[in-house]
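So for the sequence shown, the numbering used here puts the first residue at 3; every next one is plus one. Okay, so here's the structure we're looking at.
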Amino acid sequence: MNRRTLLLSASALLLAGPLHADDRVFYTPGLAEAAMEAGEVVILDFWASWCSTCAAQERVIASLMAESPVYGQKIRLIVVDWDQHGDGPLSRGLKIPRRSTLVALKGQQEIGRIVAGTGRDEIKALFDAALAAAG
Numbered sequence: 003m004n005r006r007t008l009l010l011s012a013s014a015l016l017l018a019g020p021l022h023a024d025d026r027v028f029y030t031p032g033l034a035e036a037a038m039e040a041g042e043v044v045i046l047d048f049w050a051s052w053c054s055t056c057a058a059q060e061r062v063i064a065s066l067m068a069e070s071p072v073y074g075q076k077i078r079l080i081v082v083d084w085d086q087h088g089d090g091p092l093s094r095g096l097k098i099p100r101r102s103t104l105v106a107l108k109g110q111q112e113i114g115r116i117v118a119g120t121g122r123d124e125i126k127a128l129f130d131a132a133l134a135a136a137g
């Protein structure tokens, strides 16, 4: 790939906006709490639109979900906007240290978490653990 093609491709991605997979839902108060109360397996993605680490995680998540639709079928992915809810009861209750934190839960039980990690293998391992918990 030449430099011009790379720059055009990168520009197109930036103009296209965030790469949220169709199975992602943005948090509203009570949404995650109700899913957790119901015993669902959820992954909470504490995200900010301006966060480059979040964008890197988002690309990996979108790729994983596109490659393995079973993630979206068995796991509920909820994006929590850090700018709106970073200091809210959900974030405080789960002791979320910062945006770019991914937390997998089955009901109230934490399965695992990643703080600022962007590695494909690391994120896939969290999703696989959540999938195993979903049965």
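For each residue, glycine too, the CB sits at the ideal point set by N, CA and C.
Return the chain-ordered ranges of every beta strand (DSSP E) run that is complete within the segment 37-93 and spans a minimum of 3 residues.
-> 43-49 and 78-83
Among the residues of its own chain, which have a CB less than 6 Å from the CB of Asp-85, if the five just before and after it don't count?
-> Counted from its first residue, the sequence shown places residue 85 at position 83. Excluding residues within five positions, the ones whose Cβ falls inside 6 Å are Ala-50.
Where Leu-107 sits in the DSSP three-state scheme = Position 105 of the sequence shown, counted from the start, is the residue given in the question as residue 107. If DSSP states are grouped into helix, strand and coil, Leu-107 belongs with the strands.
Along the alpha helix (DSSP H) that carries Arg-100, what are the first and last residues, could you check?
-> By one-based count along the sequence shown, residue 100 stands at place 98. From DSSP, Arg-100 is part of no alpha helix (DSSP H); its letter is neither H nor E.
Identity of the residues DSSP links to Arg-115 by a beta bridge | Counting from one through the sequence shown, the residue named residue 115 turns up at place 113. In DSSP, Arg-115 forms a bridge with Val-105.
Thinking C-alpha only, which one of Ala-40, Phe-28, Ala-37 and Phe-48 is nearest Arg-94?
-> Counting from 1 along the sequence shown, the entry for residue 94 is found at position 92. Closest option to Arg-94, Cα to Cα, is Phe-48.
Is the CB-CB distance between Val-43 and Ala-134 below 7 Å?
-> Counting from 1 along the sequence shown, the entry for residue 43 is found at position 41. Counting from 1 along the sequence shown, the entry for residue 134 is found at position 132. No. Outside cutoff.
Of all the options Leu-33, Gly-41 and Thr-120, which has the alpha carbon lying nearest to the alpha carbon of Ser-65?
-> The count along the sequence shown starts at 1 and reaches residue 65 at position 63. The residue with the shortest Cα to Cα distance from Ser-65 is Thr-120.
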